[in-house]
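A.B. asks: If you read the sequence shown in this note's numbering, its first letter stands for residue 292, the second for the next number, and so on. Below is a structure I'd like to ask you about.
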Amino acid sequence: MNAPPTFLEIVWLARWPLLYGLGTTVAISFLAILGGTVLGTVLGLALAYGNRIVRFLARIYTDVIRGTPVLVLILASFYILGTVGLDLSAFQAGVLALTLFCASHVGEITRGALQAIHTGQGEAAKAIGLTFGQSFRYVLGPQALRIALPPLINTAAEMVKASTLLSVIGVAELLLRTQEVISRAFHSLEFYLLAGLLYFIVNYAIERFGRYVERRVSIA
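The structure is reproduced here in structure tokens:
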């Protein structure tokens with residue numbers, strides 16, 4: 292009678308589904324962080340420097356999205372948008388939901404960082420003839436980045452963890468792939484620990500990259 296396969300043997304047999312799930316998690320997180328950073332920066336500028344109407348609209352978006360559970364955003368992006376004719380795949384809906392959620396946090400972080408800069412900095416840039424775009428690029432932006440980097444790193448890590456919720460709409464990310472393997476192999480604890488280790492590695496890489504950028508901008 293053949294002995295049942297060991298945990299490591301099962302991991303080796305399931306390596307491609309697990310690696311595919313890990314790759315999907317990384318891709319979704321990267322796209323959400325990238326899109327959320329771009330949109331969030333615009334929101335932060337609107338909150339810090341926009342006129343009354345622009346600030347009001349940006350504040351409504353930021354407060355509503357930040358106050359909405361990520362799972363609700365995911366379900367709304369996948370199911371509700373489909374009812375109005377915008378048919379997104381589970382992957383696209385997941386990226387959209389996480390991007391919107393990430394942007395709301397990045398917008399608030401950017402606003403706080405910009406408003407933490409002494410007003411004299413902007414006035415000095417204006418006095419020497421810099422446009423607002425030039426002021427932001429050369430004066431305000433670099434200073435705001437130094438202030439905003441630590442919370443931005445935390446937000447990026449949160450997006451990786453939030454990606455686990457996409458399994459509810461069928462996105463084949465790491466958690467769903469792990470659950471599929473468990474359903475056939477029944478090594479629940481071991482595989483969940485393995486998944487936790489992989490998530491830790493991704494977030495640790497984000498943290499180290501963030502620290503590297505933080506050191507670079509502190510020198511510049």
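Glycine residues also receive a C-beta, built at the ideal position from the N, C-alpha and C atoms.
#1: Would the beta-carbon of Gly398 fall within 8 Å of that of Gly331?
#2: Taking 8 Å as the threshold, find out whether the region 433-442 comes into contact with the region 401-409 through three or more Cβ pairs.
#3: Pick from Asp378, Val361, Val333, Gly358: whose alpha carbon is nearest that of Ala349?
#4: Nearest to Phe366 by alpha carbon, out of Leu389, Leu489, Leu299?
#5: Going by other Cβ atoms of all chains shown within 10 Å of its Cβ, with 16 needed for buried, is Val451 buried or exposed?
#6: Report, in whole angstroms, the separation of the C-beta atoms of Arg468 and Gly312, which I expect to be a contact under 8 Å.
#7: Count the CB pairs spanning the region 314-327 and the region 449-464 that are closer than 8 Å, and state whether there are at least three.
#8: In three-state DSSP terms, what is Gly376?
#9: Do you know offhand how far His396's Cα is from Lys417's?
#10: When the Cα atoms are used, what is the spatial distance from Gly327 to Thr297?
#11: Compute the Euclidean distance between the alpha carbons of Tyr340 and Thr410, then round it to the nearest angstrom.
#12: Taking the alpha-carbon of Leu284 as reference, which of Phe491, Gly358, Pro433 has the nearest alpha-carbon?
C.D. replies: So, to answer that:
#1: yes
#2: yes
#3: Val333
#4: Reading off the sequence shown, one finds Leu at residue 366, where the question assumed Phe. Cα-wise, what sits closest to Leu366 is Leu389.
#5: buried
#6: 3 Å
#7: yes
#8: coil
#9: 29 Å
#10: 42 Å
#11: 12 Å
#12: Residue 284 lies beyond the residue range present for the chain, which begins at 292 and ends at 511; the question has no answer from this structure.
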